[in-house]
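The structure under discussion appears below in the form of structure tokens.
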Amino acid sequence: METREIRWFSTEPFNKIETTFNRLFAGSIIEEPERLDTYLYTSCNEVNIKIRDGQLDIKKRTSEPKSRIKIGSNGGYAEKWIKWSIDNPLHVRPSEHWYEVRKQRKLVFLDEHNKIMSYKEDDSKPIGLQIELTNLCVDEKTFHSIALEWTSKEYNQNDEILENLLKDSELKLLQSMGYPEYLSTIVNKPLALLEF
């Protein structure tokens, strides 16, 4: 599966965005139970490897350069990723290079025409835009993330909806990155590529 993603991270909650999110999408928000993702932390920001519920997910940022995106007064980097998922036949055991990340997510899905879609975790991911607010816990420290993830081939920025969602905030380019890059800012010992 290919996705185009913009993510922002912060040590502070995105309170204004969450208030607007709750108002704009009232009645359609999916609040997932807490889940545990275990990430392999390497020194490479272009590869994201994680285990969740016996599934091994590998994401690779494509060679397409990151694009700067402006949504109202918010700046972010749009990254293109490709993902492979397999049952975890190796039964990889977390070591010093694996980090547990507890996540609590609130999601909404929009189709290519900005209509809200229903979605169950057992279904395949719908085509369109997923807007995700996440509280992360790593080493008993809490962090926060907002993500925009497009699964459609056409890159539709959903301008009006996103400008309404982000209008009272000023997300910075420095806050915008993928999970591998963010983990490198909060954990200490990456696995060198030669060890991998």
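Count along the sequence shown from 1, add 11, and you get the number used in my numbering.
For each residue, glycine too, the CB sits at the ideal point set by N, CA and C.
None of these values were measured; they are calculated from a predicted model.
In this structure E42 touches K117 by the C-beta definition: roughly 5 angstroms separates them, less than 8 angstroms. When only Cα atoms are considered, W109 and K136 end up about 26 angstroms apart. Sorting N175, I40, N59 by C-alpha distance to the C-alpha of T49 places N59 at the top. Collapsing the DSSP output to three states places L144 in a strand.
Pairing I80 with T30, the inter-Cα distance amounts to about 23 angstroms.
Across the structure, H124 and E107 are spaced so that their CA atoms are roughly 45 angstroms apart. Annotation for T162: no alpha helix (DSSP H) segment contains it, and DSSP assigns it neither H nor E. DSSP lists I62, E111 as the beta-bridge partner residues of T49.
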